[in-house]
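J.: Dropping the structure in here first, questions after.
2 protein chains.
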Amino acid sequence: MQAYVVCYDVTKDKIRERIAKTLKEYGDRIQYSVFEISLKNQNELDILCNRLKNIADEDTKIGFYRLCANCRQDSRTLDGERLAEMPAVVIL
Amino acid sequence: MQAYVVCYDVTKDKIRERIAKTLKEYGDRIQYSVFEISLKNQNELDILCNRLKNIADEDTKIGFYRLCANCRQDSRTLDGERLAEMPAVVIL
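Sequence lines, in order, name chains A and B.
Mapping of the first sequence onto the numbering used here: residues 35 to 126, in sequence order.
Mapping of the second sequence onto the numbering used here: residues 35 to 126, in sequence order.
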C-alpha cells in the first residue's frame, strides 16, 4: 500500500464536496481540506487523479504528498499525537 | 535538513494569520493552509510547535507530515508537477 496525505484548496463549495466525497473512498478526512489515503500502487493514483481532474476547475489546487513508513512514524500533530497511522495492509 | 508539509485548520482569522506568519520563517506557502518547511532537526520542530501552541486556540488543528527525499520525489500536484522540492542543504 502507498500512503499519501492529500491537501486541497477549492473555491466552489460544490466542487469541494465532490472532491471530498471521492477521497473518502480511499481514506480518512483529517482536517477540513486534508485527507490521509491509501492506494494500492501508482496506477491507482493515476486513476484517482483522472477522476479528480473531471471534478476540478481552474481554481482547484490539490497536492499528493507520499508518506513512507518512516515518514508516517515521524508525522505528528501540534500536540505530539501520531498522524497517518494507516494500516500497512488493507484486509478486503 | 528535515522537510515537512504542514497543514492547518484554524477558525479565527487573526490566529490563522499569525500561524502563517510564523511558518513563513521556515518555508513556503503552497496552499491557503499548507506550508512546506525545512527544519534543522527534531529540536527545531519542538521549538516551532511551542511557538505555535502559544498562538493556537482550542479549535486549531495543525499536522506536521515528515517528507524524506524519496517521499518528496513521489509527491505531486493533480497536474503531475513536483512538490516539496526543498533544497537538500540551506546555504546560510
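All residues carry an ideal CB built from backbone N, CA and C; glycine is no exception.
In chain order, which alpha helix (DSSP H) runs of at least 4 residues are fully inside the region 64 to 104 of chain B?
T.: Complete alpha helix (DSSP H) runs here, min 4: 76 to 87.
J.: Check each candidate in B/Ile64, B/Ala37, B/Leu117 and name the one with the smallest Cα separation from B/Lys74.
T.: Ranking B/Ile64, B/Ala37, B/Leu117 by Cα distance to B/Lys74 puts B/Ala37 first.
J.: Select from the region 66 to 99 of chain B all residues with a C-beta closer than 8 Å to any C-beta belonging to chain A, and list them in chain order.
T.: Flagged, chain order: Tyr66, Ser67, Val68, Cys83, Leu86, Lys87, Ala90, Thr94, Lys95, Ile96, Gly97, Phe98, Tyr99.
J.: In the region 99 to 113 of chain A, which residues sit with their C-beta less than 7 Å from some C-beta in chain B, listed in chain order?
T.: Per Cβ criterion, the list reads Tyr99, Arg100, Leu101, Cys102, Asn104, Cys105, Asp108, Ser109, Arg110, Thr111, Leu112.
J.: What separation, rounded to the nearest whole angstrom, lies between the Cα atoms of A/Asn88 and B/Gln65?
T.: Spanning the two alpha carbons is a distance of roughly 21 Å.
J.: Which chain A residues are close to B/Asp43, counting only those with a beta carbon under 7 Å from its beta carbon?
T.: Per Cβ cutoff of 7 Å: Gln65, Tyr66.
J.: Please determine, among B/Leu112, B/Asp47, B/Arg100, B/Leu79, the residue with the shortest C-alpha to C-alpha distance to B/Val39.
T.: Comparing Cα positions, the closest option is B/Arg100.
J.: With DSSP run on the structure shown, which of helix, strand or coil describes B/Thr111?
T.: B/Thr111 falls in the strand class under three-state DSSP.
J.: Which residues in chain B have a C-beta closer than 8 Å to the C-beta of A/Ala118? List them in chain order.
T.: By Cβ distance, chain B contributes Tyr99.
J.: Go through its chain and collect everything with a Cβ distance to A/Lys48's Cβ below 6 Å, but skip five positions before and after it.
T.: Excluding positions up to five away in sequence, the list is empty.
J.: Run the CB neighbour count on A/Arg110, radius 10 Å, all protein chains shown included, and call it buried at 16 or more, exposed below.
T.: With 16 or more Cβ atoms within 10 Å of its Cβ, A/Arg110 is classed as buried.
J.: Per DSSP, A/Tyr38 forms a beta bridge with which residues?
T.: Its beta-bridge partners are A/Ile71, A/Arg100.
J.: Look at B/Gly97 and A/Val68 and say whether their C-beta atoms are less than 9 Å apart.
T.: Going by C-beta atoms, B/Gly97 is nearer than 9 Å to A/Val68.
J.: How would you label B/Glu70, buried or exposed, when you count the other beta carbons within 10 angstroms and need 16 or more for buried?
T.: Buried, by the Cβ-count rule.
J.: Cβ atoms of A/Tyr42 and A/Arg50: under 9 Å apart, would you say?
T.: The answer is yes: Cβ separation under 9 Å.
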